[in-house]
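Chemist:
Protein chains: 4
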Amino acid sequence: MAGNSFGQGFRLTTFGESHGAALGGVIDGCPAGIKLDVAAIQAELDRRKPGQSAIVTQRKEPDTVEFFSGIFEGITTGTPIGFAIRNTNQKSKDYSHIKDSYRPSHADYVYEQKYGLRDYRGGGRSSARETACRVVAGAIAKQFLSEVKFTAYVSAVGDISLSKPYQALDFSVIEKNPVRCPDPQKAEEMEAYIKKIRKQGDTVGGVIRCVIQNVPVGLGEPVFDKLHAELGKAMLSINAVKGFEYGSGFAGASMTGSQHNDHYNEDGTTKTNYSGGIQGGISNGMDIYFNVAFKPVATIMQAQETLNSKGEFVTMQGKGRHDPCVVPRAVPIVEAMAALVLADFTLLQRLNKHQI
Amino acid sequence: MAGNSFGQGFRLTTFGESHGAALGGVIDGCPAGIKLDVAAIQAELDRRKPGQSAIVTQRKEPDTVEFFSGIFEGITTGTPIGFAIRNTNQKSKDYSHIKDSYRPSHADYVYEQKYGLRDYRGGGRSSARETACRVVAGAIAKQFLSEVKFTAYVSAVGDISLSKPYQALDFSVIEKNPVRCPDPQKAEEMEAYIKKIRKQGDTVGGVIRCVIQNVPVGLGEPVFDKLHAELGKAMLSINAVKGFEYGSGFAGASMTGSQHNDHYNEDGTTKTNYSGGIQGGISNGMDIYFNVAFKPVATIMQAQETLNSKGEFVTMQGKGRHDPCVVPRAVPIVEAMAALVLADFTLLQRLNKHQI
Amino acid sequence: MAGNSFGQGFRLTTFGESHGAALGGVIDGCPAGIKLDVAAIQAELDRRKPGQSAIVTQRKEPDTVEFFSGIFEGITTGTPIGFAIRNTNQKSKDYSHIKDSYRPSHADYVYEQKYGLRDYRGGGRSSARETACRVVAGAIAKQFLSEVKFTAYVSAVGDISLSKPYQALDFSVIEKNPVRCPDPQKAEEMEAYIKKIRKQGDTVGGVIRCVIQNVPVGLGEPVFDKLHAELGKAMLSINAVKGFEYGSGFAGASMTGSQHNDHYNEDGTTKTNYSGGIQGGISNGMDIYFNVAFKPVATIMQAQETLNSKGEFVTMQGKGRHDPCVVPRAVPIVEAMAALVLADFTLLQRLNKHQI
Amino acid sequence: MAGNSFGQGFRLTTFGESHGAALGGVIDGCPAGIKLDVAAIQAELDRRKPGQSAIVTQRKEPDTVEFFSGIFEGITTGTPIGFAIRNTNQKSKDYSHIKDSYRPSHADYVYEQKYGLRDYRGGGRSSARETACRVVAGAIAKQFLSEVKFTAYVSAVGDISLSKPYQALDFSVIEKNPVRCPDPQKAEEMEAYIKKIRKQGDTVGGVIRCVIQNVPVGLGEPVFDKLHAELGKAMLSINAVKGFEYGSGFAGASMTGSQHNDHYNEDGTTKTNYSGGIQGGISNGMDIYFNVAFKPVATIMQAQETLNSKGEFVTMQGKGRHDPCVVPRAVPIVEAMAALVLADFTLLQRLNKHQI
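Chains as they are written, first to last, in the working numbering: chain A, -7 to 348; chain B, -7 to 348; chain C, -7 to 348; chain D, -7 to 348.
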């Protein structure tokens, strides 16, 4: 209810503030008998970590995960997997200037209103640092779902966007550039643009596309917990996300039924895929694909007028090391949340048929 | 887990297929002491009902709600509110032609794969008829939240869309035309277009905008259950929805931080509202606004080739009385789901502070 | 959260007051493909219904269940099963004398304190009439678990109790006497005692023993949701229940480990069964057995002094037709709740192992 | 669903095996603004820890709790409280003799059947070591409910039991003897008996009584989540518990209604309290009291024949340092679980009334 858990069968609960002792979580419901590759989990964390390239925050946080339980001799035991990531780089002093002030378009003001107090040393629980825990759990979900392929990439930064459909792109390029864009030329343009924006002390938004392949038919629950509804919630729960669309998305709203309907092949696949791999909330075996829109990071390196807790206007300027554009580091987060949703529904689908 | 419940504190569970005896639901967690206006609940149902105008399905279903419990002398008692809506117009014969065939872009095929069998008489549980129950519960949620104002309207049908911001529109116009569009001229264009599309035996998609006003500060839980994440899930759980965006939405992805940041007034309100009334997943007291994209209805009155359960191609043509465009009737559903989300978070917010 | 649902995978939500229009419920998560015997469900309801013998309440309530959804051509579809039982015998006038008074050892006073108001026409939601819905759902759970055998019986009424272990009893006798006691001589004693107590305008408590046989190994979750913990909660949630013990129970507290340990046979069964079929919260394949203690019904046909809503003492005397002893009619309720617990854990156990 | 969480509003999730790196948990839903006394939390852990007296296990485990999050400047922030307790004394070698054998009346066999594998180094997740996490969370719940008084004590060890009602006992004596029994003479007898039993290499069971005082009226949800049903589940989820009874308990089953009914005083209190402070599942403001029966510890220091994983009989003898009687150390666990239940229902009760 307090909203720090995600999933029902495969369930992640996270804890931890950006400037506390540690972040971490508990994965409850991971089935027994999965051989875990811990290095692969750490590799996913490294895709998210600060300081990995010239276009992301230059903070140095190693983000090393320690597992406490639920794994024995390298195999999951079916019991809860507890883990923590120590905060090793909390420079609390960096944040003293914001103790009594509410940063524009940050959650400082609403936290104080909601709880009556807040951990003023940073974003606290609203910091995107929390997503490191999601990446850990998502990496385990990926290993559980070893047959399913999750691929996310940056499809837009500011006004620079990919026009090619995902089928025309070479996914092996994604991790070869710091933007995580599968079109090398666009990647260069995006990188140059991010650097320019950073030089201006500004930030910029972007879009991530995610493609899920080799999904079995039948995942998703038909009414409130439709597969795309949970994917949408999962994505919208990531910091800075403003929109989600799947399949034909917003463009589908201007189409006619005769254009939009996907016609069957004899094997149950469809000739087109405006449906985005989901019919009535249930996977149909075709590729699932969706877009996630991210707003520009609110912390900018320019002076801004804002409010303090006494109701006075004060001038504030972002300090420290922040991301000029969040999407390159958000790619593994999008994949992680997608994997958590699919892992959960994979388990839940085991409940739907009578077995004698 | 089977996904027929929505909400935690204010929780709706629904049941019922399009061609069974009845649909209905249980609202668990509605606080005691709310004076209910039952006529107002029925009026919301009437906004959703078939046959209400020339541009929606001409089926005649009165959709009368019967309450079983939880209300005593016109006041909620805090105990669960059970209700049902009888299906009075199930013409099962209308559907015999689809018994063994999978309608394109419908859920027939995935239901059969998921459950091993399906109620072939209609959409069963995947029918939008299920949303009548949401409208009942949403109407009660609105009465619980009597201070909050929920307004949804059609902002696009096919390529015809409103360009004006919601602040420039006269909401009192919405219910005065069958499209539920607050711009009278655009409403006429949309109506003419829908009629034309229907004459072609085709269907068309559209967009609904929803505005929630007078929301208290502090609603929403900060991590997975962000206010906009639950709103997104709520909307994506409505039949035919393909996308959700709030505040600046997808357009925000191409903006810079210096453009996008909302600056404070002295009273904690903001000068702009790109945030869409939500910061870090928590309401900030500004208007919440979002867009919901609907695909065109899959049932068209044109012959289509499709698959039957033997894996053969067959020709199928929609029969009966279907909506050429779903958005006019979806307006009250969007409002209902928004009200359910806000009711839930209003209750949950009572838990967050220590009271001595 | 408001506590009207039970179970996670196989989940029952109930609604309805004793004197409203109807009681009913929704079973969400019943797997698809179960052939339902509706007559068998009604037969379970008939075991619980008033007026069935000379030693229970003489109210006439047919308690006929109507199913709304989730069943198609006699088979469960995997979608929620909605149902209702009409209240046909609400003599609201019978209860006018208690409108402003709190019956001793009833929930009138706490309801009014909890909710600020109450449906004064009867017990409202605290009436044991609610358990009719549990019997419906339990009957479906039994059909889902067709291999498992649930047997409950009355093992004590007042001071008259069975001393024989359940293995020495003939379960086929249970339904052959109105007390539902498998020892014919004790049954006669109990029946005579109940009649005597009723003649005195008094009531008496009793104990029900339940035995669950042919349970697969592995049901139950190891920490908070231990199989016996959920069984205990299930039983304690039945009206008038004051205690629960399983296996050796309270007697086990005075034993030594060398006496109490159950030693294995070669096939994994055990020579003794002090454990009551459950080890560490997980079924071990041996018979599960437990006792449930019921207090005497609070409504007695004697004058009692009690309090009214003005804080004054008033004299009150039970009217109408009440049970002098609740245990004969509670036997099917105990079985129903046991079946709901086992159905739920049977589903949940599908989630615990990796399947490749 | 995997059963490692307890509570809805005030929710504890635990992780950790007896022989892994650490145990720990997350408390989600603890309200913001509670000043925490960390020393008092550690003091509760010390009441549970091994080695505290001559009649409990002589293992040396300091059981020091480390908090990771959710507390800022000594005050709860409303965000999840993550914590861990390192396992510092895992002598895995001690357990090699049980790697392939199933200890009688332990969960070894059922774990292996349930999950397909198990952490053979000890009880794993079925070890009572898990309850240390409950004590941490319960200590925080107690501080949240500073007005409510939780007192548990040992009321029986083997056949030695207290006959006095709790009102006649001096609770200040409880912590002054190693048995935690408020009757000094009985405490001595119990202590002597436990020492004798240990010398025999045997173990013995016992009973704990818990009294909860100063409870507000209105806690508990009326149907499935009755206050005593959740208390019962909470207690039955503690290792080795075989039975739970509240108020008149099993003895109430042989009483008549005219004896058992609690009559009101003018202020809404009652003259007697057979109800045990709960009516219809809802607290009535009177003392809540209940008994919890514990079986003898299964690990005995005598040779026992048991089964190995090949289906062969082997002789096994308990090694190491085990409790001859579990109840002295279980006293703080019972209190902790009671506090968790009350904390949860205290929060949930905030949802039940309309507030304008």
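From the three backbone atoms N, C-alpha and C, an ideal C-beta is built for every residue, glycine too.
So which of B:ARG113, B:ASP100 and B:THR69 has the shortest CA-CA distance to A:GLY210?
Modeler: Nearest in C-alpha terms to A:GLY210, of all of B:ARG113, B:ASP100 and B:THR69, is B:ASP100.
Chemist: Measuring alpha carbon to alpha carbon, tell me which of D:GLN105, D:GLY17, D:PRO174 and D:PRO316 ends up nearest D:ALA124.
Modeler: D:GLY17
Chemist: In whole angstroms, what separates the C-alpha of A:SER118 from that of B:ALA(-6)?
Modeler: Distance between the alpha carbons of A:SER118 and B:ALA(-6): 31 Å.
Chemist: Going by CA-CA distance only, name the one from C:LYS91, C:ARG110, C:PRO96 and C:PHE64 that's closest to D:THR264.
Modeler: C:PRO96
Chemist: With distances taken from CA atoms, which of A:ALA295, A:VAL233 and A:LEU223 is nearest A:ASP336?
Modeler: A:LEU223
Chemist: Using a Cβ-Cβ distance under 8 Å, would B:ASN257 count as near chain D?
Modeler: no
Chemist: With DSSP as the reference, please indicate the residues paired to A:ASP20 in a beta bridge.
Modeler: A:ARG3
Chemist: Tell me whether C:PHE142 sits in a helix, a strand or coil according to DSSP, three-state version.
Modeler: It is a strand residue.
Chemist: My assumption, with CB atoms under 8 Å, is that D:GLY21 sits in contact with D:LEU339. Please give the rounded CB distance.
Modeler: 7 Å
Chemist: Where does B:SER246 fall in DSSP's three states?
Modeler: coil
Chemist: Taking A:HIS351 as the query, report the chain C residues whose CB atoms sit under 8 Å from its CB, ordered along the chain.
Modeler: Outside the displayed span of chain A (-7 to 348) sits residue 351 of chain A, for which this structure offers no information.
Chemist: Go through its chain and collect everything with a Cβ distance to D:GLY244's Cβ below 7 Å, but skip five positions before and after it.
Modeler: HIS252 and TYR266
Chemist: Does the contact criterion of 3 or more C-beta pairs under 8 Å hold for the segment 154 to 163 of chain A versus the segment 28 to 46 of chain A?
Modeler: no
Chemist: Closest to A:HIS14 by C-alpha separation, out of A:LEU4, A:LYS52, A:VAL57 and A:THR68, would be which residue?
Modeler: According to the sequence displayed, residue 14 of chain A carries Ala and not His. Among A:LEU4, A:LYS52, A:VAL57 and A:THR68, the Cα nearest to that of A:ALA14 belongs to A:VAL57.
Chemist: Would you call the CB atoms of A:ILE47 and A:LYS187 closer than 8 Å?
Modeler: yes
Chemist: At 8 Å on the CB atoms, spell out the chain C contacts of A:GLY1, in chain order.
Modeler: LEU343
Chemist: Determine the extent of the alpha helix (DSSP H) in which D:ALA221 is found, giving its start and end residues.
Modeler: Segment 219 to 228, the alpha helix (DSSP H) holding D:ALA221.
Chemist: Is DSSP giving D:ARG117 helix, strand or coil here?
Modeler: helix
Chemist: Can you say whether A:ALA221 is buried or exposed, counting buried as having 16 or more other CB atoms within 10 angstroms of its CB?
Modeler: Buried: at least 16 other Cβ atoms inside 10 Å.
Chemist: Under 7 Å between beta-carbons, which chain D residues line up against A:THR262? List them in chain order, please.
Modeler: Neighbours of A:THR262 on chain D: none; closest Cβ ~34 Å, over 7 Å.
Chemist: Would you report the Cα separation of A:ALA226 and D:LYS27, rounded to the nearest angstrom?
Modeler: 34 Å
Chemist: Measure the alpha-carbon distance for C:MET293 versus C:GLY312 and round it to whole angstroms.
Modeler: 9 Å
Chemist: With three or more beta-carbon pairs closer than 8 Å as the criterion, would you say the segment 228 to 243 of chain C touches the segment 286 to 300 of chain C?
Modeler: yes
Chemist: State the start and end residues of the unbroken alpha helix (DSSP H) segment that holds B:ILE186.
Modeler: 176 to 191
Chemist: Alpha carbon to alpha carbon, how far is C:ILE274 from A:ILE166? Give it in angstroms, no decimals.
Modeler: 47 Å
Chemist: Give the C-beta separation of B:PHE282 and B:GLY268 to the nearest angstrom, bearing in mind that I take them to be a contact with Cβ-Cβ under 8 Å.
Modeler: 7 Å
Chemist: Please list, in chain order, all residues of the same chain as A:GLY70 whose beta carbon is under 7 Å from its beta carbon, the five residues on each side excluded.
Modeler: PRO23 and ALA24
Chemist: Quick check: what's the CA-CA separation for C:VAL207 versus C:PHE59?
Modeler: Spanning the alpha carbons of C:VAL207 and C:PHE59 requires a straight line of approximately 29 Å.
Chemist: Just how far apart, CA to CA, sit B:ILE270 and A:TYR103?
Modeler: 11 Å
Chemist: Could you please give the first and the last residue of the uninterrupted beta strand (DSSP E) stretch that includes A:LEU137?
Modeler: Looking at the DSSP string, A:LEU137 is not in any beta strand (DSSP E), and its letter there is neither H nor E.
Chemist: Identify every run of the alpha helix (DSSP H) within the segment 236 to 296 of chain A, keeping only runs that are complete inside it and at least 4 residues long; order them along the chain.
Modeler: If one requires a minimum length of 4 residues, the alpha helix (DSSP H) runs lying completely within the segment 236 to 296 of chain A are 241 to 244 and 249 to 252, in chain order.
Chemist: Based on Cα-Cα distance, which residue from B:PHE64, B:ILE77 and B:ALA133 lies nearest to B:SER10?
Modeler: B:ILE77
Chemist: So what does DSSP say about C:GLN205, is it helix, strand or coil?
Modeler: strand
Chemist: Kindly indicate which residue of A:GLY310, A:ILE189, A:LEU4 and A:GLY116 has the alpha-carbon position closest to the one of A:ASN79.
Modeler: A:GLY116
Chemist: How is the alpha helix (DSSP H) around A:THR338 delimited, first residue to last?
Modeler: 319 to 340
Chemist: For C:LEU109, return the contacting residues in chain B, with the cut-off set at a CB-CB distance below 7 Å.
Modeler: ALA24, GLY25, ILE67 and THR69
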